[in-house]
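Just so you know, our numbering puts the end of the sequence shown at 178, numbered straight through with nothing missing.
We put the CB at the ideal spot given by N, CA and C, even for glycine.
Just so we're clear, the structure is a prediction, and the values are computed from it rather than from any experiment.
Here is the structure we will look at.
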Amino acid sequence: MAQLSQSLNDQSSNSENGNADIAGHEFLAFTLGNEEYGIDILKVQEIRGYEAVTRIANAPDFLKGVINLRGIIVPVVDMRIKFNLGTPTYDQFTVVIILNIEGRIVGMVVDSVSDVTTLTPDQVRPAPEMGTTFSTDFLIGLGTLEDRMLILVDIDKLMSSPEMGLVDELA
């Protein structure tokens, strides 16, 4: 986790120095069930261990509740519930990825995080059509790295979708 935090700090330095070419192709890899996903590292504010949340009445199941993050009330979404990946379990590897989406802070519960991965354009394949069971609107594509495949999620589109209702739709 310390190495990952250092990588996040290094990434912040790179983007502040205008090194956007490299930064645009870096993804935070995390797991949900048996699959590995990736999101743009520039959307990640911090990574925290899972802690109890305050439930909100009549909220959708995937919205676990809210946490108080240094005075900011942050909604927390459990991605395993959102993606229908079975009953979630919370253990020492479960983390909350704190995202900054268009100035709104949102928490995302995942099974674990692994690393920050740099993908070149030729390592990203278009997402296949999945039919009606799964919408590919929120997928950037599939990142291929030797024996690994990352499902690359457009976290902006996902969190600002009307069904999530967490972030106003992007202009």
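According to DSSP, is residue i helix, strand or coil?
{"i": "D129", "result": "helix"}
{"i": "M86", "result": "helix"}
{"i": "D161", "result": "coil"}
{"i": "M171", "result": "coil"}
Candidates the options: which alpha carbon is nearest residue i's?
{"i": "L126", "options": "I105, F69, L157", "result": "L157"}
{"i": "I104", "options": "E53, P169, D161, E43", "result": "E53"}
{"i": "H32", "options": "T38, G148, V117", "result": "G148"}
{"i": "F90", "options": "G150, L35, Y44, R155", "result": "Y44"}
{"i": "K71", "options": "V116, G150, R55, F34", "result": "V116"}
With residue i and residue j assumed to form a contact (beta carbons below 8 Å), what rounded beta-carbon distance in angstroms separates them?
{"i": "F69", "j": "I88", "result": "4 Å"}
{"i": "S121", "j": "V102", "result": "Actually they do not touch by this definition, with Cβ atoms about 11 Å apart."}
{"i": "I162", "j": "G114", "result": "That belief does not hold up - the Cβ atoms of I162 and G114 are roughly 12 Å apart, past 8 Å."}
Go ahead and label residue i buried or exposed: buried means 16 or more other beta carbons lie within 10 angstroms of its beta carbon, across all protein chains shown.
{"i": "V83", "result": "buried"}
{"i": "D144", "result": "exposed"}
{"i": "D154", "result": "exposed"}
{"i": "L94", "result": "Before going on, a small fix: residue 94 reads as Thr here, not Leu. T94 should be labelled exposed."}
{"i": "D1", "result": "The requested residue 1 is not part of the displayed model; the chain covers only 8 to 178."}
Contact the stretch 127-134 vs the stretch 72-79: 3+ CB pairs below 8 Å:
no
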